[in-house]
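Participant: Okay, so the sequence shown: first residue is 84 according to the working numbering, each after it adds one.
Just so it is clear, CB atoms sit at the ideal spot from N, CA and C, and this is done for glycine as well.
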Amino acid sequence: MAAPVVSVGTGTGVPAPPAAAAPLQAVPTLDEIKALANDFHRAHPERAAEVVSILAGVGATKMDDIPAAQYPTVLQQIKQIAGVQ
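Encoded structure:
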């Protein structure tokens, strides 16, 4: 199918540019979440309750109980408390 024609400037028909695709973001894995949480816990064992609180916020009591749909949220929250970008 040909690109739609739009009028630009003088009214001459110029094909419209294709719509830009949104960049794909990698979906984090449970292993990535566990690795970051373990690194955080090794560096700050006194702050373990913060990770437990993040898990509770998504209805989990342990890492293996995190719903897959919540992986991005959990990873972002652990990065935030760990000071990782």
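Tell me whether Pro101 sits in a helix, a strand or coil according to DSSP, three-state version.
Facilitator: In the sequence shown, counting from the first residue as 1, residue 101 sits at position 18. Coil at Pro101, not helix or strand.
Participant: Throw me the rounded Cβ distance for the Pro150 and Val110 pair, which I believe falls under 8 Å.
Facilitator: Within the sequence shown, the letter at position 67 stands for residue 150. Within the sequence shown, the letter at position 27 stands for residue 110. Wrong, their Cβ atoms sit about 13 Å apart, outside the cutoff.
Participant: Note the first and the last residue of the continuous alpha helix (DSSP H) segment covering Val157.
Facilitator: For this step, residue 157 is matched to residue 74 along the sequence shown. Start and end: Tyr154 to Ala165.
Participant: CA-CA distance, Leu138 and Ala103?
Facilitator: Working through the sequence shown from its first residue, we reach residue 138 at position 55. Working through the sequence shown from its first residue, we reach residue 103 at position 20. Cα-Cα distance, rounded: 36 Å.
Participant: Would you say Ala109 touches the ligand MN, meaning its beta carbon is less than 7 Å from a heavy atom?
Facilitator: As presented, the structure is devoid of all ligands, the ligand MN included, so that no description of it is given.
Participant: Just to confirm before moving on: does the CB-CB distance between Ile161 and Leu119 stay below 8 Å?
Facilitator: Position 78 of the sequence shown, counting from 1, holds the residue named residue 161. Position 36 of the sequence shown, counting from 1, holds the residue named residue 119. For Ile161 and Leu119, yes; Cβs fall inside 8 Å.
Participant: Just checking my contact of Val157 with Val167 at CB under 8 Å: how many whole Å lie between their CB atoms?
Facilitator: Looking up residue 157 in the sequence shown gives position 74. Looking up residue 167 in the sequence shown gives position 84. In fact, because the Cβ distance is near 13 Å, the residues do not count as touching under 8 Å.
Participant: Taking 7 Å as the limit between beta carbons, can you name the residues of its chain near Ala143, skipping five residues before and five after?
Facilitator: Within the sequence shown, residue 143 is the residue found at index 60, counting from 1. So the qualifying residues of the chain are Ile149.
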